[in-house]
Structure formats: C-alpha cells, structure tokens
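Below: one structure, written as structure tokens.
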C-alpha cells in the first residue's frame, strides 16, 4: 500500500500540471484559427458514479457529485491579466455493508474555493501563471482551521515551437487527500487547429474538433478529494476523509450558441482508494472499478 501511494503521488505531479498547461494555453495568443475553444471560464455539472465494492469484502460505496464555478476579469491589459472566481462542489458518499468505520454512513461533503489567478507575459516565449485559492473542504458540521487550505500554484510556460509548449513549477493542494507540495512539468502539442494532445502522463488527453461547434475527447486522469469531517464513531474531534482514483473515459462537447457549450462524459474509475485518518482511525481500503457518467454546461471564449 505504501509503495502504491508513493507511485500515486509521483504521478499526481504530472496530472496537476496538465491542468496548468491547459490554462496557460488558453491565455496564449494564437496566429491561426483554432476549432478547439479556450478553457471554461464558468461551468456547472452533475456526475453519477456506479456502486463500487470494497475489494475482497461485502461493503460498497456509491457516489454523486455536482458543482459550479465562475471567474470574472479584474485587470485585463496587454501582458497582464487578473481574475477572481468562486467554486462550489458537493459530493455524496453512501456506504453500505461491511464492518468498518464508515459502514452505513451517508456523507454530504462540500468544497468552497475562491480562486485568484494572475497571468503575466514575460516575453514572446515565456509566460507566468500564479494562483492563490483559499478554500474550505468539510462536511460543515463544524468549521475551524482544519477545514481551511490555501491552494497555490506557480508555473512558468515556455513556447518551444509553434506547436509545442512546456510548463514547469510547483503546486500545493489537497486535491488528492493530504496537503502536499508537488512538482509540475508537462507538454501540450497542437499539430493543427483541430487537434490537441496532452503528453502529461498519467494525464493523457486527446482532443479532436471534427467540425466547428463539436469536440471529441479521450482522457485518463487522476481524480480525488479530501475533506475534514466529524468522527463517524461520534468522537469529539474531526477526522480526514481522503479519496483517490484514476478516471478514464471519453466525452463529447456541443456548442449551444455563443460561448455556451453542453457536454457528456462517460468512462470507468480504477485504482480507487478511500482513507479515514485521525481520531484513532487508520482505515484504508481499495475499491473495485466502477463506471461514471457526467453532464453539464460550460462557458468558453
């Protein structure tokens, strides 16, 4: 288990930077028409996960998730951009069967973030992206300092050629459970206006625009979250609940009109693991693979 967790953390660095590279790509000026739109400045979605069994036991867990986010410009001038946003994410985890601390529990979990992003063009090839994102990850039974985290990112992007960009830096977050600092490095290749390839293992993403207003996507990414919650055994203190997985699937996006897009994603979650730490708990279990389905709307410019 320890070795698999170390491999997971090493891989997480590449997953996190793939998000960063996509954001930098959206800010970069392009000299050719692209059929692949920029990243979403606002979005709303719902996701359903099929029931997943605890490996080798009679216990299981099912999940639902929904969220919304939006970003607005604060400063927009040549060579510098500053945005302020708000993000909310809700997760419901329903456990059934088995003999473990979470048995027969239904947890409603929340994440509230306030992202502040700044982009600076250092020259024609170098760009800087910095993010400070105060947030609260909790069941909101009680709220204290343990619920708070200041997610932060510092990233440099270099335009290697007209079709290749590389980015590197560092990322501090609780996206994969415990708070940690991760290094970041990755590549984005855009061979022509209809194709985008992310070579940021283990985030592998291929995007194709077969026609204007349509996007087809195939991807495999790390996914997860961590929350500070009340002790399920009724103890006086809070505990940490962490969840991790690898998500592989395909998706289709369709422009509804103007900047509005609708999307549908489906696939399978593998290498799932759930943990409960603190308050005398040291619980960790792997989960069997399960299917997922996600749908929502995005605003892209």
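In the numbering used here, the protein residues as written are 1389 to 1689.
Here a beta-carbon is modelled for each residue, glycine too, at the ideal position from N, C-alpha and C.
Because the structure is a prediction, the values reported are computed rather than measured.
Item: Euclidean distance between Cα positions of residue 1518 and residue 1444; Value: 44 angstroms
Item: Element boundaries [beta strand (DSSP E), containing residue 1585]; Value: 1583-1588
Item: Coil, strand or helix - residue 1533 by DSSP; Value: helix
Item: Start-to-end residues for the beta strand (DSSP E) that takes in residue 1472; Value: 1468-1484
Item: Within-9 angstroms CB hit, residue 1505 to chain B; Value: Any reference to chain B falls outside this structure, which holds one protein chain only.
Item: Beta-carbon proximity check, residue 1632 vs residue 1656, cutoff 9 angstroms; Value: no
Item: Backbone secondary structure at residue 1599 - three-state DSSP; Value: coil
Item: Residue 1584, buried or exposed, once every other Cβ within 10 Å from all chains shown has been counted against 16; Value: buried
Item: Candidates 1637, 1429 and 1617, of which the one nearest residue 1593 by Cα; Value: 1637
Item: Assigned secondary structure, residue 1401 (DSSP; H/G/I helix, E/B strand, else coil); Value: Low confidence applies to residue 1401: its pLDDT is 39, below 50, so where it sits in the model is not reliable, and the reading given next is rough at best. If DSSP states are grouped into helix, strand and coil, residue 1401 belongs with the helices.
Item: Top-ranked residue by Cα proximity to residue 1663, from 1465, 1548, 1629 and 1622; Value: 1629
Item: Boundaries of the beta strand (DSSP E) in which residue 1513 is found, first to last residue; Value: Taken as a continuous stretch (DSSP letters only), residue 1513 belongs to no beta strand (DSSP E), as it is neither H nor E.
Item: Own chain partners of residue 1654 with C-beta closer than 8 angstroms, once the 5 adjacent residues on each side are dropped; Value: 1637, 1638, 1639, 1679, 1680, 1681 and 1682
Item: Buried or exposed (CB count within 10 angstroms, at least 16 for buried), residue 1511; Value: exposed
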